[in-house]
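Residue 210 in numbering that gives the first Met the number 0 sits at position 211 of the sequence shown; the count goes up by one each step and never skips.
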Amino acid sequence: MFGIILTIIAFEIGVTIRNKWRNPLLNPILIATILIIGFLTATGISYDTYKVGGDYISFFLGPVTVLLAVPLYRHIQALKKAWLPILAGIIVGSATSVVCVITCAEIFGISKSLMLSLIPKSITIPMGSVVSEQIGGNPSITIVAIVITGITGAVTAPLVCRFFRIKNPVAQGVAIGTSSHALGTTKAMEIGEVQGAMSSLSIGVAGVVTVFITPVLLKVFA
Numbered sequence: 000m001f002g003i004i005l006t007i008i009a010f011e012i013g014v015t016i017r018n019k020w021r022n023p024l025l026n027p028i029l030i031a032t033i034l035i036i037g038f039l040t041a042t043g044i045s046y047d048t049y050k051v052g053g054d055y056i057s058f059f060l061g062p063v064t065v066l067l068a069v070p071l072y073r074h075i076q077a078l079k080k081a082w083l084p085i086l087a088g089i090i091v092g093s094a095t096s097v098v099c100v101i102t103c104a105e106i107f108g109i110s111k112s113l114m115l116s117l118i119p120k121s122i123t124i125p126m127g128s129v130v131s132e133q134i135g136g137n138p139s140i141t142i143v144a145i146v147i148t149g150i151t152g153a154v155t156a157p158l159v160c161r162f163f164r165i166k167n168p169v170a171q172g173v174a175i176g177t178s179s180h181a182l183g184t185t186k187a188m189e190i191g192e193v194q195g196a197m198s199s200l201s202i203g204v205a206g207v208v209t210v211f212i213t214p215v216l217l218k219v220f221a
């Protein structure tokens, strides 16, 4: 129960802080992560001890991802009207994510093993860890990269949309879901229901697209 209770308390503190100051940088997930790391470090409690309870929460990632289909069903008409731009956006976004990792690895001299571990950073943990293992990466590193990517997306999504003047709710949702999976989708749902629906769609499609295009892009660019 320790890991579960600690996670819930840390997240509730994060929500309280976010609601009080209403700053996009004060993301509850980011705050909870910092609080948990700080608590474990200060008390000397090992991560493995916390993970016993934390794994129970991680177990629900799959079912929660499936539940994101509910807002999508409510806005199915918007999907039907713009299915081609939506699909094109997800494919381009997924390919860009993979190519950026490969390019940065070449520029900064990152090892091939680390590069392969970072490639699935923009898809959900259940799919990303499997993709990483299949292409020769380290699933543990991949999971860390996915979490960091998701938190970054959730924190910066409103700022990015505002800076680049992305006002179309469908475009906002597709961009957030494709780049920062489920964690980003939580922020998309806060922005609006259409954004949340399109983001939840993008999670699944981006995962499938990444599975198919990764081997091809590795042969071309790596």
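Glycine included, every Cβ here is placed at the ideal spot set by N, Cα and C.
Out of the options, which one is the CA nearest neighbour of residue i?
i	options	result
T141	T155, M126, P214	M126
G136	K120, V159, T151, V146	K120
G206	A181, K79, V219	A181
Q171	L71, M197, T40	M197
I89	L216, V219, G203, P214	G203
G176	S201, V159, F162	S201
Y46	F10, I35, I56	I35
V173	L86, I7, L39	L86
I134	I147, L117, G149	L117
I7	Y55, T40, I44	Y55
S131	L113, F59, I44, L83	L113
I33	L115, V98, I147, L78	I147
V193	L71, L83, V143	L71
K50	G195, I3, L60	I3
N18	L83, I44, E189	E189
Going by other Cβ atoms of all chains shown within 10 Å of its Cβ, with 16 needed for buried, is residue i buried or exposed?
i	result
T123	buried
M0	exposed
G108	exposed
R249	No answer is possible for residue 249: the residues shown for the chain start at 0 and end at 221.
P168	buried
T15	exposed
S199	buried
L24	exposed
V208	buried
R73	exposed
Between which two residues does the alpha helix (DSSP H) containing residue i stretch?
i	result
G183	168-190
N18	1-20
I89	82-107
I118	Careful: I118 lies outside any alpha helix (DSSP H) and carries neither H nor E.
Quick check: the Cα distance between residue i and residue j, rounded to an integer number of angstroms?
i	j	result
S139	L5	22 angstroms
T155	T48	32 angstroms
T42	A31	16 angstroms
P62	W20	31 angstroms
G53	I28	14 angstroms
A94	V69	27 angstroms
V235	I75	Past the edges of the chain, shown from 0 to 221, lies residue 235, and the structure says nothing about it.
F220	S178	20 angstroms
L216	G152	24 angstroms
L158	N22	11 angstroms
T26	V65	Note on residue identity: the sequence assigns Asn, not Thr, to residue 26. Between N26 and V65, the C-alpha separation is close to 23 angstroms.
I145	K80	31 angstroms
R161	I106	30 angstroms
K218	I212	10 angstroms
G183	E11	18 angstroms
G191	V143	28 angstroms
G37	I101	33 angstroms
S110	G13	36 angstroms
Segments of 4+ residues assigned as alpha helix (DSSP H) that fall wholly inside the segment 112-164: Complete alpha helix (DSSP H) runs here, min 4: 124-134, 138-162.
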